[in-house]
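The structure appears below as structure tokens.
Shown next, in the form of structure tokens:
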């Protein structure tokens, strides 16, 4: 998808943790800085409808995460582990917003990797706030699963079973070659129509890198899920968190976030009747919520 008329980005290549990252900037240089991190199987292009809504008042930065879009593609699975993804995010902030904290906004796998950064003490001082959409911290999920098992009651087991059923695709992504072949032989072409039928997105965008993004992005799952879920770490943050929970999300159940105040005590939780790709289906509503949250946090940021 091309950038909306009048919103051609300024493009800069940033050196991440061993990879070159394609970054994009729009908007009002005097406004608060938003850093947008996309999920799977997307690129920075998934944010363009939101950029259209916010560019007049905010400085906006987005980047293609490693392996996606125009960014460099590591070949080893271990190069997609969460600490390296967090290092990439830190590198983008230090290169493009060295003197101003950013308001981090992330979706899906962008949220998962952003949780790694938000809970990293070295990176927390660079962040003014964090808006997470449809993406939990994998370590928090590991602790949530353990707490469900410890309860030893049917309701807790059913919650865990429901999430496991919603996450069926994760097991599929761990199989050799099948996910890559599925993308090559049909899924890439069918992706826009799936977004239209399943998510209710009227005009799904067609990404020129959709096939490659889908194939390469499965390495994120292979590099991180097993270790995080079965050996979860204690990951805390003092960054203000704005949690957007689409209640019709087919992949991430709302109950995954029930214990989040244990890890993020400064938390605003917003449940919305929407699907997983709410950022594409309703960019105007998401823009409104971001304005409300970011503008509330800005006076506190300046005071500190």
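In the numbering used here, the protein residues as written are 54 to 357.
For every residue, glycine included, the Cβ atom is placed at its ideal position computed from N, Cα and C.
Since the structure is predicted, the reported quantities are computational estimates derived from the model, not experimental observations.
Separation of residue 185 from residue 158, as counted between CA atoms: Taking the chain shown and counting its residues from 1, the one referred to as residue 158 is at position 105. Taking the chain shown and counting its residues from 1, the one referred to as residue 185 is at position 132. Cα to Cα, the separation comes out at about 6 Å.
Please report the distance separating the alpha-carbon of residue 360 from that of residue 212. Not covered by the structure: residue 360. The range shown for the chain is 54 to 357.
I'd like the list of long-range same chain contacts for residue 248, defined as Cβ closer than 8 Å, with 5 residues on each side in sequence excluded. Reading the chain shown from its first residue, position 195 is the one you call residue 248. The answer, listed in chain order, is 254, 257, 330 and 333.
Report yes if the CB atom of residue 272 is closer than 8 Å to the CB atom of residue 120, and no otherwise. Taking the first residue of the chain shown as 1, we reach residue 272 at position 219. Taking the first residue of the chain shown as 1, we reach residue 120 at position 67. Yes, these two residues count as a Cβ contact at 8 Å.
According to DSSP, residues forming a beta bridge with residue 78: As a first step, residue 78 must be located in the chain shown, where it is residue number 25. Paired residues: 63 and 114.
Same chain, Cβ closer than 6 Å to residue 150, neighbours up to 5 away in sequence not counted: In the chain shown, residue 150 corresponds to position 97, counting from 1. Result list for residue 150: 86, in chain order.
Who are the Cβ neighbours of residue 327 in its own chain at under 7 Å, not counting the five residues just before and after it? Locating residue 327 in the chain shown gives position 274, where the first residue counts as 1. Answer for residue 327: 299, 301, 334 and 335, listed in chain order.
Tell me residue 330's beta-bridge partners as DSSP assigns them. Along the chain shown, read from residue 1 onward, the residue named residue 330 stands at position 277. Answer is none; residue 330 lacks a bridge partner.
At the level of alpha carbons, what is the spacing between residue 240 and residue 343? Along the chain shown, one-based indexing puts residue 240 at 187. Along the chain shown, one-based indexing puts residue 343 at 290. Cα to Cα, the separation comes out at about 32 Å.
Of all the options 227, 346, 138 and 266, which has the alpha carbon lying nearest to the alpha carbon of residue 242? Looking up residue 242 in the chain shown gives position 189. Of the candidates 227, 346, 138 and 266, the one whose C-alpha sits nearest the C-alpha of residue 242 is 266.
Which of the three DSSP states, helix, strand or coil, is assigned to residue 274? The residue you call residue 274 lines up with position 221 of the chain shown. The answer is helix: DSSP assigns residue 274 an H, G or I state.
Measure the C-alpha to C-alpha separation of residue 189 and residue 61 and round it to an integer number of angstroms. What you label residue 189 is simply residue 136 of the chain shown in a count that begins at 1. What you label residue 61 is simply residue 8 of the chain shown in a count that begins at 1. The straight-line gap from Cα to Cα measures roughly 32 Å.
From residue 122 to residue 75, what distance separates their C-alpha atoms? Locating residue 122 in the chain shown gives position 69, where the first residue counts as 1. Locating residue 75 in the chain shown gives position 22, where the first residue counts as 1. The alpha-carbon atoms of residue 122 and residue 75 are separated by roughly 8 Å.
Three or more beta-carbon pairs under 8 Å between the segment 78 to 93 and the segment 103 to 113, yes or no? yes
Nonlocal neighbours in the same chain, by C-beta distance under 7 Å from residue 106, ignoring five residues either side: Stepping through the chain shown from its first residue, residue 106 is reached at position 53. Answer for residue 106: 336, 337 and 340, listed in chain order.
When DSSP labels each residue in this structure, what does residue 189 get in the three-state scheme? The residue you call residue 189 lines up with position 136 of the chain shown. Looking at residue 189 - three-state DSSP - the assignment turns out to be coil, as it is neither helix nor strand.
On the three-state DSSP scale, how would you describe residue 241? Here residue 241 is taken as the residue at index 188 of the chain shown, counted from 1. Here residue 241 sits in helix by DSSP.
In the structure shown, what three-state DSSP assignment does residue 230 receive? On the chain shown, residue 230 is found 177 positions in, with the first residue counted as 1. DSSP places residue 230 in coil when its eight states are reduced to three.
Residues bridged to residue 182 (per DSSP): In the chain shown, counting from the first residue as 1, residue 182 sits at position 129. According to DSSP, which records beta bridges pairwise, residue 182 is partnered with 156.
For the putative contact between residue 148 and residue 67, defined by C-beta atoms under 8 Å, what is the C-beta separation to the nearest angstrom? Reading the chain shown from its first residue, position 95 is the one you call residue 148. Reading the chain shown from its first residue, position 14 is the one you call residue 67. Indeed, because the Cβ distance is near 5 Å, the residues count as touching under 8 Å.
With burial defined as no fewer than 16 other Cβ atoms inside 10 Å of the residue's Cβ, what is the status of residue 100: buried or exposed? Residue mapping note: residue 100 aligns to position 47 of the chain shown, counting from 1. Its Cβ being crowded by 16 or more others within 10 Å, residue 100 is buried.
Report the three-state DSSP secondary structure of residue 73 (helix, strand or coil). Taking the chain shown and counting its residues from 1, the one referred to as residue 73 is at position 20. It is a strand residue.
Once you ignore the five residues that flank residue 245 on each side, which residues in its own chain have a CB closer than 8 Å to its CB? The residue given as residue 245 occupies position 192 in the chain shown. Excluding positions up to five away in sequence, the list reads 257, 258 and 259.
In angstroms, rounded to a whole number, what distance separates the CA positions of residue 292 and residue 251? The residue labelled residue 292 in the question sits at position 239 within the chain shown. The residue labelled residue 251 in the question sits at position 198 within the chain shown. So the alpha carbons of these two residues sit roughly 34 Å apart.
Evaluate the contact criterion for the segment 189 to 199 versus the segment 281 to 288: three or more CB pairs, one atom per stretch, below 8 Å. yes
Considering only the beta carbon of each residue, do residue 140 and residue 92 sit closer than 8 Å? To locate residue 140, count along the chain shown from 1; it is residue 87. To locate residue 92, count along the chain shown from 1; it is residue 39. No, the Cβ-Cβ distance between residue 140 and residue 92 is not below 8 Å.
Assess, as a yes-or-no matter, whether the segment 222 to 234 is touched by the segment 307 to 323 under the definition of 3 or more beta carbon pairs within less than 8 Å. no
Cβ of residue 179 within 8 Å of Cβ of residue 145? Numbered from 1 along the chain shown, position 126 holds the residue referred to as residue 179. Numbered from 1 along the chain shown, position 92 holds the residue referred to as residue 145. No, these two residues do not count as a Cβ contact at 8 Å.
Determine the DSSP secondary structure at residue 342, reduced to helix, strand or coil. Taking the chain shown and counting its residues from 1, the one referred to as residue 342 is at position 289. Of the three classes helix, strand and coil, the one that applies to residue 342 here is helix, per DSSP.
I'd like to check one pair, residue 166 with residue 90: are the Cβ atoms closer than 8 Å? One-based indexing of the chain shown puts residue 90 at position 37. One-based indexing of the chain shown puts residue 166 at position 113. It is a contact, given that the beta carbons lie within the stated cut-off.
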